[in-house]
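K.L.:
This is the structure I have questions about; it appears just below.
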Amino acid sequence: MALLTESEQRQVADAIARVEKETDAELVTVLAAQADDYAHISLLWAALIALILPGGLNFFGGWLDAARLLLAQWLIFVLCCLLFRIPGITTRLIPRPVRLWRAGNLARRQFLELNLHRTEAETGMLIFVSEAERYVEILVDRGISSQLDDSTWASIIANFTDQVKRGETLGGFLSCIESCGAILKEYLPATRNRDELPNRLVILP
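Residues 1 to 205 in the UniProt record's numbering are what the sequence shown spells out, letter by letter.
Right under this line is the structure:
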């Protein structure tokens, strides 16, 4: 299932197009379901639970022989692996600093992969969201950062993050694009008519 419908994605693209008529900045939006599948961490948790739970019960109760203990450990491992595949559970197993680091790393990779660092005037701007991590980041190239400090976007990111937490991702994108556009219009007004990067919302499963 798409994170946003085609109609909603078009609304994001249209909002970018309107902003780019009034600024030299090149906006690109990316929406990821999650920054990582965290498979290795889920397996680690499953292995720890499978080792500790039956062993602990058997230590205090002594009701399992070696064969049944091994079988219980395998069953618990398999059940935990299946359970931890549920995204809502998986993300709660991951320490918050790890989730934020993974999401931030993906945002930076997208900045490079989508060529935001290669615009003619170095005015690329990435608005990145990872839903599972409730993570929002704005990255800009040198043409923008030379005019505007990173703190400029702090309140916009905070508001967008709150909207993502409430499940209002579309509204978050639209208000974020509008807010960024108002600032960019003032500091980097349009001086040329050139659209170097696609306006469509990039969806990462």
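Ideal Cβ placement from N, Cα and C applies to all residues, glycine included.
Return the bridge partner residues of Y135 from the DSSP annotation.
P.N.:
S130
K.L.:
Compute the Euclidean distance between the alpha carbons of F77 and A46, then round it to the nearest angstrom.
P.N.:
5 angstroms
K.L.:
Can you have a look at I16 and say buried or exposed, based on whether 16 or more other CB atoms are within 10 angstroms of its CB?
P.N.:
buried
K.L.:
Could you check if F128 belongs to the surroundings of the ligand SAM, using beta carbon to heavy atom distance under 7 angstroms?
P.N.:
Absent from the structure shown: the ligand SAM. Ligands present: none.
K.L.:
Unbroken beta strand (DSSP E) runs of length 3 or more, entirely within the UniProt domain "TPM" (106-181): which are they?
P.N.:
124-130 and 135-140
K.L.:
Which residue's Cα is closest to the Cα of E120: I86, R142, Q147 and L184?
P.N.:
R142
K.L.:
For N115, which residues from the same chain have a beta carbon less than 8 angstroms from its beta carbon, with the 5 sequence-adjacent residues on both sides left out?
P.N.:
G124 and L197
K.L.:
My assumption, with CB atoms under 8 angstroms, is that L174 sits in contact with T29. Please give the rounded CB distance.
P.N.:
Actually they do not touch by this definition, with Cβ atoms about 10 angstroms apart.
K.L.:
Quick test of your reading: T90 and Y38, contact by CB under 8 angstroms. State the CB separation rounded to the nearest angstrom.
P.N.:
6 angstroms
K.L.:
Suppose you measure from the CA of R96 to the CA of L112; what does that come to, to the nearest Å?
P.N.:
25 angstroms
K.L.:
So which of R92, G55 and N193 has the shortest CA-CA distance to W74?
P.N.:
Measuring from the Cα of W74, the nearest candidate turns out to be G55.
K.L.:
For Q34, name the three-state secondary structure that DSSP assigns.
P.N.:
In the three-state DSSP reduction, Q34 falls in the coil class, being neither helix nor strand.
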